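In UniProt numbering, the protein residues as written are 1 to 302. A short worksheet on the structure shown next.
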Amino acid sequence: CLNGTRPSWNGETPSCTASCGGTIHNATLGRIVSPEPGGAVGPNLTCRWVIEAAEGRRLHLHFERVSLDEDNDRLMVRSGGSPLSPVIYDSDMDDVPERGLISDAQSLYVELLSETPANPLLLSLRFEAMCGGELSEPAGVVLSPDWPQSYSPGQDCVWGLHVQEEKRILLQVEILNVREGDMLTLFDGDGPSARVLAQLRGPQPRRRLLSSGPDLTLQFQAPPGPPNPGLGQGFVLHFKEVPRNDTCPELPPPEWGWRTASHGDLIRGTVLTYQCEPGYELLGSDILTCQWDLSWSAAPPA
């Protein structure tokens, strides 16, 4: 308020406006609301939001208030971060989900279209990040909630890892340091009703675990309440699909040479030794070992 013969404000009165689209990075908790048609955006709206949670988290989208003109408005939600991601909600075809929507990965793509609606447009969507999710890639990483920061109490996260039917999953525990009373359980199959493969508590050294089939379920539980003693750094787990059998791939002998194997079957630990006919020189390593992940220690020589 400026002094003068007629006191006045030093600027225009501020107003609260809703953005028409945008990208939200490292989303944890927030809300999307529809902007008012008219004004700077004109009578028509085309708004696109991309919501991205941290890696290893999914998103829960709650439909708080939705009032759309069925002839002129359309709301679509896609599980993913692009307009080509699969549609999980379309207001032209689906009823409003009472329990909301849960993304399959860490991103949601929300698109709102409005063309001169006859009725007022009303939209309010609340999103929150969840831990856990379904991962179907041939290789990837699972991180504890809030990594690299320490995770908070009150966690119950479930990840489902899935690879091709004829493969199985090799899990590498790179870092694991959870608080006393917290636990990471690995189930050898699809869902927590499968056989327990391992239960990991406290600090753990690096180790490898192998599923018997194409599915592996991880459940991390940290009870609510004050944090238990310990650093609670969290965990980093790498996974990849490997052949379902217990042998390394067959390798042919080199032209003008031969190879010998330490075992009849190419099981883990098998050593192949390559030699050449007189007058020929071997190019590459003359010794290959079948490694724990069922891959050879080097490319075959020529």
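Think of the CB as a built atom: it goes at the ideal place given N, C-alpha and C, for glycine as much as any other residue. Just so you know, these numbers come straight off a predicted model, no measurement behind them.
### Straight-line Cα distance separating T289 from P249
Against the sequence shown, residue 249 aligns to sequence position 249. Against the sequence shown, residue 289 aligns to sequence position 289. P249 and T289: Cα-Cα distance of roughly 12 Å.
### Task
Return the first residue and the last residue of the beta strand (DSSP E) that N3 is part of.
Walking along the sequence shown from the start, residue 3 turns up at place 3. Annotation for N3: no beta strand (DSSP E) segment contains it, and DSSP assigns it neither H nor E.
### Message
Nearest by alpha-carbon distance to F220: which of R207, A27, S19, F187 is it?
### Response
For this step, residue 220 is matched to residue 220 along the sequence shown. Of the listed residues, the one whose Cα sits closest to F220 is F187.
### Task
Could you give the DSSP three-state label for N177: helix, strand or coil?
Taking the sequence shown and counting its residues from 1, one reaches residue 177 at position 177. Three-state result, N177: strand.
### Residues of its chain near R195, where Cβ-Cβ distance is below 8 Å and the 5 sequence neighbours each way are ignored
Here residue 195 refers to the residue found at position 195 when the sequence shown is read from its first residue. Excluding residues within five positions, the ones whose Cβ falls inside 8 Å are F187, D188, G189.
### Query
Which residues in the same chain as L283 place their Cβ atom closer than 7 Å to its Cβ, once the five residues preceding and following it in sequence are excluded?
Reading the sequence shown from its first residue, position 283 is the one you call residue 283. A distance below 7 Å between beta-carbons, with the five flanking residues on each side excluded, links L283 to the following residues of its chain, in chain order: P301, A302.
### DSSP beta-bridge partners of G257
For the purposes of this step, residue 257 is taken as the residue at position 257 of the sequence shown. Bridge partners of G257: C276.
### Task
Keeping to the same chain, check which residues put their C-beta closer than 7 Å to that of A299; ignore five residues upstream and five downstream.
Numbered from its first residue, the sequence shown carries residue 299 at position 299. Closer than 7 Å at the Cβ level, and outside the excluded window around A299, lie G284.
### Task
Determine, using beta carbons only, whether residue 308 and P214 come nearer to each other than 8 Å.
In the structure as shown, the chain starts at 1 and stops at 302, and residue 308 therefore has no counterpart that could be examined.
### R179: CB within 7 Å of a non-hydrogen atom of the ligand COA
The ligand content of the structure shown is nil, which means the ligand COA is not present either.
### Query
Which ranges does the beta strand (DSSP E) cover as unbroken runs of at least 3 residues, wholly within the UniProt domain "CUB" (131 to 242), from first to last along the chain?
Complete beta strand (DSSP E) runs here, min 3: 133 to 135, 139 to 143, 155 to 162, 167 to 177, 183 to 188, 195 to 200, 207 to 210, 215 to 222.
### Query
Based on the DSSP output, what are the partners of H62 in its beta bridges?
Taking the sequence shown and counting its residues from 1, one reaches residue 62 at position 62. Partner(s): R126.
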